[in-house]
Amino acid sequence: AQSVAQPEDQVNVAEGNPLTVKCTYSVSGNPYLFWYVQYPNRGLQFLLKYITGDNLVKGSYGFEAEFNKSQTSFHLKKPSALVSDSALYFCAVRRGYSTLTFGKGTMLLVSP
Amino acid sequence: DAGVIQSPRHEVTEMGQEVTLRCKPISGHDYLFWYRQTMMRGLELLIYFNNNVPIDDSGMPEDRFSAKMPNASFSTLKIQPSEPRDSAVYFCASSLLSGGEQYFGPGTRLTVT
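Chains as they are written, first to last, in my numbering: chain A, 1 to 112; chain B, 1001 to 1113.
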C-alpha cells in the first residue's frame, strides 16, 4: 500500500535560517509525491509535486523538495524561513490512479 | 476562477438534525473529493467522484453519511442524523487529472452539540 510518514510533529526554526520538513514514502512502483500547506482556518494549498525528472523540485513561495530514491525520502526545504511560513505542512503520495494518501502533518513554527 | 467553493463555512447543529454541506468544484475539473479533518484522525478521504459518478465511498464512516453529485458543478455531503462525533472540518477538493494535484476549498467547520 502507498503511504507517507512525517516523523516530526513540529519543526521550530528561526527566521532567516534554512528549514527542512521531512517526509518518507513507501510505494510499489514509481512514486507521485506532493507537498501541501495549510494555514489556520484555511484549506490545503498545493505547493509542489514530483512525478519524474529532476530530483530537485521547485514550488510556490520559494519552497523546494528533494526526491531521494535510495532513502525513499521527499523532504521539503527552503533556504531562508519567514515568519509567514508558519503553518501545517502535509506530504502526500498518489494512491491508486486517482486519490492521494496524506501524512499526518508537521507544524512548522518560525520565530522572529 | 474562484477556486473550490464550499458552503456554509460554519455549521452548528444539534444531535439528530440533518446537515447538508455543499461544494462547487473548479470548472473543468473531472474529479471531486470529500475529506474530513480532525485532530485525532487527521485528514480522511470520505468519497470521490469522477465525471459526477461516485467511484470510491469506502471512507464514508456510516450509512448516516451520503454524498451526491447531480452535475459537474455541484456536490453535497449529507449527514442524517448528525452526532457529536461528526464534529470536524469537512473539505471538498477537485482535480483536473487522475492522480494529479488537488485544489481544496476553505472547508466547513461542523459542530454537533
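Every residue, glycine too, gets a C-beta built ideally from N, C-alpha and C.
For chain B, check one thing: does any of its Cβ atoms lie closer than 8 Å to the Cβ of residue i?
i	result
Lys-115 of chain A	Given that chain A is displayed from residue 1 to residue 112, the structure contains no residue 115 of chain A and the question cannot be resolved.
Leu-109 of chain A	no
Gly-59 of chain A	no
Gly-53 of chain A	no
Leu-44 of chain A	yes
Lys-78 of chain A	no
Phe-67 of chain A	no
Cys-100 of chain A	What sits at residue 100 of chain A in the sequence shown is Leu, not Cys. Yes, its Cβ sits closer than 8 Å to a Cβ of chain B.
Tyr-89 of chain A	no
Classify residue i as buried or exposed, calling it buried when 16 or more other Cβ atoms lie within 10 Å of its own Cβ.
i	result
Met-1060 of chain B	buried
Val-93 of chain A	buried
His-1029 of chain B	buried
Tyr-1031 of chain B	buried
Is residue i close to chain A, meaning its C-beta is less than 8 Å from at least one C-beta of that chain?
i	result
Gln-1017 of chain B	no
Asn-1050 of chain B	yes
Tyr-1103 of chain B	yes
Gly-1042 of chain B	yes
Ser-1098 of chain B	yes
Which residues bound the beta strand (DSSP E) around residue i?
i	result
Ser-111 of chain A	106-111
Could I get the ranges of all uninterrupted beta strand (DSSP E) runs contained in the region 36-111 of chain A, with 3 residues as the minimum, in chain order? Here the runs fully enclosed are 44-50, 56-58, 64-68, 73-78, 87-95, 99-102, 106-111.
Whole runs of the alpha helix (DSSP H) within the region 1027-1070 of chain B, excluding any shorter than 4 residues: Runs of the alpha helix (DSSP H) inside the region 1027-1070 of chain B: none found.
Write down every uninterrupted run of the beta strand (DSSP E) in the region 1071-1103 of chain B whose length is 3 residues or greater and which is fully enclosed by it, in chain order. Runs of beta strand (DSSP E) with 3 or more residues, each lying fully within the region 1071-1103 of chain B, are found at 1074-1079, 1088-1095, listed in chain order.
Got a sec: which bits of the region 1067-1079 of chain B sit with their beta carbon under 8 Å from any beta carbon on chain A, in order along the chain? Taking 8 Å as the Cβ-Cβ cut-off against chain A, none of the residues of the region 1067-1079 of chain B qualify.
Against chain A: residues of the region 1078-1093 of chain B by CB proximity under 8 Å: Per Cβ criterion, the list reads Phe-1091, Ala-1093.
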